[in-house]
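To convert, count from 1 in the sequence shown and add 12; that's my numbering.
Let me begin by presenting the structure, written as structure tokens, before commenting on it.
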Amino acid sequence: MKYKRALHVVIASGGTGGHFYPSLAIAEAIQEAGDRVTMLLAGKHISDQLRVAAEHGIRSMAVPACNLPGTPFSAPGFLWRFGTALLRARGWAKREKPDVFLGMGCFASAATCLGGVSAGVPLVLHEGNAWMGKANRWLSRFARAAATSLPLVPDCPCRCPQTQTGMPLRQALLEGAAKGEPAPEYWAENGLDPDLKTILIFGGSQGAEAINAMVPQCVACLGEDVKRLQLIHLTGSLYNGMISDAYERAGIRAQVKRHDPHIESAYLAADLVVCRAGASSICELAVFGKPAILIPFPAAAEEHQNANARSLAKSGAAWLLPQDEAKPELLADLFGDFLRNPATWQGIGNAIREFARPDAAKQVVDLLHKHARTRRK
Numbered sequence: 013m014k015y016k017r018a019l020h021v022v023i024a025s026g027g028t029g030g031h032f033y034p035s036l037a038i039a040e041a042i043q044e045a046g047d048r049v050t051m052l053l054a055g056k057h058i059s060d061q062l063r064v065a066a067e068h069g070i071r072s073m074a075v076p077a078c079n080l081p082g083t084p085f086s087a088p089g090f091l092w093r094f095g096t097a098l099l100r101a102r103g104w105a106k107r108e109k110p111d112v113f114l115g116m117g118c119f120a121s122a123a124t125c126l127g128g129v130s131a132g133v134p135l136v137l138h139e140g141n142a143w144m145g146k147a148n149r150w151l152s153r154f155a156r157a158a159a160t161s162l163p164l165v166p167d168c169p170c171r172c173p174q175t176q177t178g179m180p181l182r183q184a185l186l187e188g189a190a191k192g193e194p195a196p197e198y199w200a201e202n203g204l205d206p207d208l209k210t211i212l213i214f215g216g217s218q219g220a221e222a223i224n225a226m227v228p229q230c231v232a233c234l235g236e237d238v239k240r241l242q243l244i245h246l247t248g249s250l251y252n253g254m255i256s257d258a259y260e261r262a263g264i265r266a267q268v269k270r271h272d273p274h275i276e277s278a279y280l281a282a283d284l285v286v287c288r289a290g291a292s293s294i295c296e297l298a299v300f301g302k303p304a305i306l307i308p309f310p311a312a313a314e315e316h317q318n319a320n321a322r323s324l325a326k327s328g329a330a331w332l333l334p335q336d337e338a339k340p341e342l343l344a345d346l347f348g349d350f351l352r353n354p355a356t357w358q359g360i361g362n363a364i365r366e367f368a369r370p371d372a373a374k375q376v377v378d379l380l381h382k383h384a385r386t387r388r389k
């Protein structure tokens with residue numbers, strides 16, 4: 013799409029990878045559209061994020077982080093930091109005269125967004141989850157629009173218009189999904205058999221202790237089904253050799269590692285996925301069209317992972333398994349059902365594909381152009 017004029021877009025982001033990496037994908041799409049972009053980053057991962065942004069050719073700057081106070085005694089300090097960060101962002105916006113701010117839902121950058129608004133710059137929000145986070149709910153009263161990855165739950169108190177754009181994903185994931193199957197050498201390189209049903213298990217960058225503990229116990233309950241399955245288990249930083257040993261004792265073929273920088277190949281190889289219900293994971297499942305057993309992280313803020321999983325389960329697009337109900341025997345029963353009723357699980361994969369938005373980053377850019385100010389003051 014050709015735009016009438018080039019914009020200067022400011023992305024207020026930082027915090028966790030769930031906020032940062034979608035914002036990086038949007039920043040790349042902004043530059044591809046011929047616009048200028050600046051990322052204002054806040055939070056404890058700032059040094060790594062500044063480096064990654066630079067590696068992708070994205071202009072970025074560090075700004076003060078303003079996280080919510082943990083106790084009433086820390087409130088005065090928070091208000092001072094918030095006010096200082098707001099005024100700095102306001103002054104920067106007055107000098108730079110950007111056309112639109114994009115807030116990615118990280119509370120650490122909320123003051124930056126409000127500073128832009130106070131300087132007369134339109135604000136657009138991006139929300140990854142089905143239940144809008146605290147920062148975005150608060151900022152929505154000042155925003156022109158919110159781009160959502162998933163449909164918001166009906167009682168979510170968002171005070172601005174919403175457009176479902178999807179979750180912007182890394183280009184490597186999108187290109188991988190378009191291939192349809194892994195490279196022929198993938199199987200041998202990872203000690204896997206292309207004729208066996210493959211289950212991909214992961215819990216995010218830090219892994220998931222509950223999933224890491226439960227799946228090896230589940231495998232021990234599979235009986236003869238163990239011969240028809242193989243596993244790709246990404247354990248996160250909590251990995252130890254006990255998981256590999258458990259799979260070896262159970263006699264199941266498994267590729268166990270902490271992380272996979274090319275997870276797109278693992279998605280392509282998988283027939284079923286077991287994972288948490290973070291927004292990025294769900295949108296990746298949708299792009300690859302993979303049936304999944306979602307085990308939401310129970311300690312996620314405001315139970316937003318439960319909201320994500322329920323949203324899909326209602327549409328028949330995932331199997332929701334709450335962690336307090338996730339017993340090894342039940343998971344083994346689900347694996348057995350997956351083997352005996354492939355059409356049912358393929359239907360789940362087809363249903364989740366309806367949530368896919370491969371052009372999510374471009375849709376966000378379109379929304380930014382729609383709400384940018386018409387002239388610089």
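Backbone N, C-alpha and C define an ideal beta-carbon position, used for all residues, glycine too.
Note that the coordinates shown come from a computational prediction; the quantities given were computed from them, not determined experimentally.
> Going along the chain, which unbroken runs of the beta strand (DSSP E) with 3 or more residues stay wholly within the segment 68-125?
Replying inline: Within the segment 68-125, the complete beta strand (DSSP E) runs of at least 3 residues are 71-74 and 112-115.
> Span of the beta strand (DSSP E) holding A398?
Replying inline: Because the chain spans 13 through 389 in this model, residue 398 falls outside it and cannot be assessed.
>> So within the segment 147-229, which uninterrupted beta strand (DSSP E) runs reach at least 3 residues, ignoring any that extend past its ends?
In response: 157-160, 174-176 and 209-214
>> If the criterion is Cβ atoms closer than 7 angstroms, does the pair V49 and V75 meet it?
In response: As a first step, residue 49 must be located in the sequence shown, where it is residue number 37. As a first step, residue 75 must be located in the sequence shown, where it is residue number 63. Not closer than 7 angstroms, so no.
>> Assuming the contact rule is C-beta atoms closer than 8 angstroms, A142 and L162 should be a hit. Round their C-beta distance to whole Å, please.
In response: Counted from its first residue, the sequence shown places residue 142 at position 130. Counted from its first residue, the sequence shown places residue 162 at position 150. A142 to L162, Cβ: 5 angstroms. Contact.
> Below 8 angstroms, can you find three or more Cβ-Cβ pairs linking the segment 105-120 to the segment 81-90?
Replying inline: No contact exists between the segment 105-120 and the segment 81-90.
> How about L297 and A304: do their beta carbons lie closer than 7 angstroms?
Replying inline: Mapped onto the sequence shown, residue 297 falls at position 285. Mapped onto the sequence shown, residue 304 falls at position 292. Less than 7 angstroms separates the beta-carbon of L297 from that of A304.
>> Restricting to Cα atoms, I'd like to know which of G26, N318, A262 and D47 is closest to D60.
In response: Translated into the one-based positions of the sequence shown, residue 60 becomes position 48. Considering only alpha carbons, the answer is G26.
> Quick one: what's got a C-beta closer than 7 angstroms to A282's C-beta in the same chain, skipping five residues either side?
Replying inline: Along the sequence shown, one-based indexing puts residue 282 at 270. These residues qualify, in order along the chain: T210, I211, L212, I244 and K302.
>> Give the list of continuous alpha helix (DSSP H) stretches no shorter than 4 residues that lie fully inside the segment 333-369.
In response: 340-352 and 354-365
> Ends of the alpha helix (DSSP H) at G253?
Replying inline: Here residue 253 refers to the residue found at position 241 when the sequence shown is read from its first residue. From DSSP, the alpha helix (DSSP H) with G253 extends over G253 to A262.
> Which residue from Y279, D237, D272 and L306 puts its Cα closest to that of L351?
Replying inline: On the sequence shown, position 339 is the one that residue 351 refers to. Looking at Y279, D237, D272 and L306, the one whose alpha-carbon comes closest to that of L351 is D237.
> What does DSSP give as the partner residues of A12 in its beta bridges?
Replying inline: It is not possible to answer for residue 12, since the shown part of the chain is limited to 13 through 389.
> Do you know how far the Cα of A200 is from the Cα of E260?
Replying inline: Here residue 260 refers to the residue found at position 248 of the sequence shown. Here residue 200 refers to the residue found at position 188 of the sequence shown. Those two C-alpha atoms are separated by around 18 angstroms.
>> Using a 10 Å radius around the Cβ and a threshold of 16 neighbouring Cβ atoms, would you call K16 buried or exposed?
In response: Mapped onto the sequence shown, residue 16 falls at position 4. By the 10 Å Cβ count, K16 comes out exposed.
>> Let's test the definition: count the other Cβ atoms within 10 Å of the Cβ of S72 and tell me whether it reaches 16, buried, or not, exposed.
In response: For this step, residue 72 is matched to residue 60 along the sequence shown. Label assigned to S72: buried.
> For H57, which of helix, strand or coil comes out of DSSP?
Replying inline: The residue you call residue 57 lines up with position 45 of the sequence shown. Reduced to three states, the DSSP call for H57 is coil.
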